[in-house]
Amino acid sequence: MQIRCSAFLFDLDGVLVDSRTVVERTCRRWALRHQLDPERVLQIAHGRRTRDTVRAVAPHLETDREVAWLDAAELADVDGLSVVPGSREFLAALPASRWGVVTSCGRALAELRLTSVGLPIPTILVTSEDVSQGKPAPDGYRLGARRLGLDPAACVVFEDAPSGIAAARGAGARVIALTTMRAARDLPGADATIPDFTAIHVRQEHDAFVVTRH
Numbered sequence: 111m112q113i114r115c116s117a118f119l120f121d122l123d124g125v126l127v128d129s130r131t132v133v134e135r136t137c138r139r140w141a142l143r144h145q146l147d148p149e150r151v152l153q154i155a156h157g158r159r160t161r162d163t164v165r166a167v168a169p170h171l172e173t174d175r176e177v178a179w180l181d182a183a184e185l186a187d188v189d190g191l192s193v194v195p196g197s198r199e200f201l202a203a204l205p206a207s208r209w210g211v212v213t214s215c216g217r218a219l220a221e222l223r224l225t226s227v228g229l230p231i232p233t234i235l236v237t238s239e240d241v242s243q244g245k246p247a248p249d250g251y252r253l254g255a256r257r258l259g260l261d262p263a264a265c266v267v268f269e270d271a272p273s274g275i276a277a278a279r280g281a282g283a284r285v286i287a288l289t290t291m292r293a294a295r296d297l298p299g300a301d302a303t304i305p306d307f308t309a310i311h312v313r314q315e316h317d318a319f320v321v322t323r324h
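Below, the structure is given as structure tokens:
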């Protein structure tokens, strides 16, 4: 694998921060409150905005109220958060102006999770509040690239969810998928798959970056 690009856009959960224990704990609690199938909720929630998940699995419930409950539960729970291996070192190799995060989280939750594991809050942070349509719509990645001053085609996106891969491809970006949450066979559309950031190396060549496997 050798991929050249001008900048990087990262999903957050499952890419930079391993939050699966928190997400699973919160989703299961919420599902059981409403007699919903926790496994179905988790499957649909992966990579999507909370609002979109609630609408998909429980259209009979009042969306704003349920989103508020879920947001509060996640903001109160940082137990089990950890850094995805190699992500800290990968980010440290990049100029701050050449990377950003595009997440389905709200801003408060994204900043909490980043700071809880000691990762920097990027200058470019696109959250659920910044777009009218969440992943798999391409809006977030288009906005992230625009804030970097680039066409999405000049960016490489790191994702871990099918909805996020679809969003990145829809924007015109290339995608490296992490198998932190799903097997490679369940991540169609990615240009490459890696277990985590310890598997790759990034170097700068003039005004571009080159990503290769170790």
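So for the sequence shown, the working numbering puts the first residue at 111; every next one is plus one. Think of the CB as a built atom: it goes at the ideal place given N, C-alpha and C, for glycine as much as any other residue.
Residue environment, residue i, which counts as buried when at least 16 other CB atoms sit within 10 Å
i: residue 156; result: buried
i: residue 266; result: buried
i: residue 166; result: exposed
i: residue 239; result: exposed
i: residue 158; result: buried
i: residue 129; result: buried
i: residue 176; result: buried
i: residue 160; result: buried
8 Å contact criterion, which residue i and residue j should meet: CB distance rounded
i: residue 120; j: residue 126; result: 6 Å
i: residue 162; j: residue 280; result: Between residue 280 and residue 162 the Cβ distance is about 15 Å, and since that is not below 8 Å, they are no contact.
i: residue 230; j: residue 308; result: That belief does not hold up - the Cβ atoms of residue 230 and residue 308 are roughly 19 Å apart, past 8 Å.
i: residue 190; j: residue 131; result: 4 Å
i: residue 320; j: residue 203; result: With 8 Å as the limit, residue 320 and residue 203 do not qualify as a contact, their Cβ atoms being about 12 Å apart.
i: residue 362; j: residue 253; result: Because the chain in this structure spans residues 111 to 324, residue 362 falls outside the shown range and cannot be described.
i: residue 116; j: residue 306; result: About 23 Å separates the two Cβ atoms, so there is no contact after all.
Option in the options with minimal Cα separation from residue i
i: residue 114; options: 173, 128, 284, 296; result: 284
i: residue 213; options: 138, 277, 168, 203; result: 277
i: residue 123; options: 301, 324, 290; result: 290
i: residue 292; options: 242, 301, 153, 198; result: 153
i: residue 233; options: 246, 173, 201, 181; result: 201
i: residue 226; options: 137, 246, 198, 242; result: 198
i: residue 179; options: 137, 150, 151; result: 137
i: residue 304; options: 286, 251, 282; result: 286
i: residue 301; options: 314, 282, 315; result: 282
i: residue 133; options: 262, 251, 215; result: 215
i: residue 246; options: 275, 149, 315, 148; result: 275
>> Ignoring anything shorter than 4 residues, give me the alpha helix (DSSP H) runs that lie fully in the region 136-223, in order along the chain.
In response: 148-155, 160-167, 173-185, 197-202
> Which runs of the alpha helix (DSSP H) fall wholly inside the region 252-319 and span at least 4 residues, in chain order?
Replying inline: 272-281
>> Between the region 253-268 and the region 207-216, can you find at least three pairs of beta-carbon atoms closer than 8 Å?
In response: yes
>> For the region 216-223 against the region 173-190, do three or more pairs of beta-carbon atoms, one drawn from each stretch, fall closer than 8 Å, so that the two count as touching?
In response: yes
> Any contact of the region 288-303 with the region 259-278, i.e. 3+ C-beta pairs under 8 Å?
Replying inline: yes
> Are the region 134-154 and the region 166-178 in contact at 8 Å, needing three or more beta carbon pairs?
Replying inline: yes
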